[in-house]
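Comments concern the structure below.
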Amino acid sequence: MDIDRLIATGTPEWERLDALLARIDAGYGLDRRQLAELVALYRRVADDLLRARLLTANPEILGQLNALAGRAYRVVHGQRRGRWRWAQIPAFYLEEVPRALRACRVHVLTAALLLTLGAAFGFACVMRDPGMAGELVPAMFYSESPAERVAKIEEGEERVDELVEAAGFAAELYVHNIRVALLAFGLSALTVAGGWWLLLVNGSLLGAVAAQYVRDDVGGFLVAWVGPHGALELPAIVVAAAAGLRCGGALFVPGEAGRPAALRAALPDCWRLLGGACTMLVFAGLIEGSFSQFSARIVPHPVKIAVAGALFALVAAYLSGLLARRGTPP
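Using the numbering used here, the final residue of the sequence shown is 452, and nothing's skipped along the way.
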């Protein structure tokens with residue numbers, strides 16, 4: 123083989139490898155097929171570089187192949203530049219998390235259905251028999267009627283009136299919320315049935331509380347009070363539980379590939395889902411510790427409800443992958 127033939131046959135593969143590396147340099151992720159293709163192309167380019175050294179001393183050709191092989195080597199063997207790690211952050215939230223959600227959509231829908239069924243059960247029970255609230259709602263949340271609680275909040279002093287106080291309260295909330303998310307993940311991953319139980323129980327609690335407020339004709343207050351942070355908090359819990367169900371499925375029903383291979387295949391998506399869920403919970407805690415605590419004297423209920431609706435629409439669009447980047451390189 124002469125150098126001209128090597129260039130003619132190798133150029134399409136060199137250009138394809140360069141395109142994949144350019145995608146990575148721009149901060150985009152690669153799926154498994156593209157990663158496998160990149161590794162295969164890197165090996166062929168390395169072979170072409172060795173052949174070119176035997177066929178020519180042309181510094182332009184050798185320099186081009188050497189630079190291409192060096193870029194691919196850093197990616198394949200993990201020797202990436204520091205800025206590449208920072209460049210991954212937008213791609214993680216805008217591409218990798220939505221892609222993991224699509225891959226685990228059955229588990230996400232299952233977790234959402236369980237939470238919804240629990241909420242419907244709790245709501246129906248209390249609407250039919252108000253005394254059931256004492257069975258479904260913990261005593262610490264059952265000390266006074268919703269109407270009395272609303273009057274106390276709306277007529278009393280503002281619960282959060284200083285920035286430092288709001289920040290401290292928010293920190294406590296998102297640490298607590300992340301613990302709940304990790305519990306949902308752990309129970310789902312290790313037992314599967316435990317995750318189902320947690321979703322159903324928490325759903326029934328939410329439904330029972332909502333029914334109490336509806337029966338006392340203060341349902342609008344509940345939506346305004348819980349909606350802004352609940353629009354992030356509830357989907358985050360669902361996503362965390364879905365990650366656990368995905369991991370639990372690989373653990374208990376690994377298929378023909380075997381348990382180790384099934385877990386290796388499941389864990390990347392699980393960590394992506396957990397990362398997305400914990401990020402949503404941090405923002406939910408910030409909202410709950412500040413905006414959600416304001417009474418109608420500062421922020422009218424219609425404004426809060428509108429914010430809750432906008433946040434829920436944004437989260438729904440994100441979780442369905444509608445905010446993933448458009449026009450990404452092939």
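Just so it is clear, CB atoms sit at the ideal spot from N, CA and C, and this is done for glycine as well.
Cα-Cα separation between residue i and residue j, rounded to whole angstroms
i	j	result
residue 299	residue 270	27 Å
residue 243	residue 164	56 Å
residue 439	residue 400	18 Å
residue 246	residue 345	18 Å
residue 451	residue 343	Residue confidence is low: residue 451 scores 41 on pLDDT, short of 50, so the model does not pin down where it sits. Its coordinate-derived value is still stated next. Approximately 47 Å between the Cα atoms of the pair.
residue 392	residue 306	13 Å
residue 161	residue 224	25 Å
residue 462	residue 333	This structure gives no information on residue 462, because the portion of the chain shown stretches from 123 to 452.
residue 350	residue 408	11 Å
residue 230	residue 166	40 Å
residue 395	residue 386	15 Å
residue 252	residue 362	32 Å
residue 330	residue 274	21 Å
residue 414	residue 250	30 Å
residue 191	residue 442	37 Å
Burial state of residue i (16 or more Cβ within 10 Å)
i	result
residue 416	buried
residue 235	exposed
residue 205	Note that residue 205 scores 47 on pLDDT, short of 50, meaning its location in the model is unreliable and no value can be drawn from it.
residue 326	buried
residue 420	exposed
residue 124	exposed
residue 217	buried
residue 297	exposed
residue 321	buried
residue 228	exposed
Cβ distance (whole Å) where residue i is taken to contact residue j below 8 Å
i	j	result
residue 139	residue 146	About 11 Å separates the two Cβ atoms, so there is no contact after all.
residue 354	residue 425	Not quite, the Cβ-Cβ distance comes to about 17 Å (not below 8 Å), so this is no contact.
residue 255	residue 328	Not quite, the Cβ-Cβ distance comes to about 12 Å (not below 8 Å), so this is no contact.
residue 143	residue 213	Not really, about 15 Å apart at Cβ, beyond 8 Å.
residue 168	residue 184	Not really, about 13 Å apart at Cβ, beyond 8 Å.
At 4 residues or longer, what runs of the alpha helix (DSSP H) sit wholly inside the segment 224–285? 227–250, 255–258 and 268–277
Check: Counting pairs of beta carbons, one from the segment 402–413 and one from the segment 368–377, are three or more of them closer than 8 Å?
Finding: no
*In chain order, which continuous runs of the alpha helix (DSSP H) of length 4 or greater are located wholly inside the segment 159–199?*
181–198
Next item on the list: Taking only runs that begin and end inside the segment 312–371, name each unbroken alpha helix (DSSP H) of 4 or more residues, in chain order.
Entry: 315–337
At least three beta-carbon pairs within less than 8 Å, the segment 302–316 to the segment 358–367 = yes
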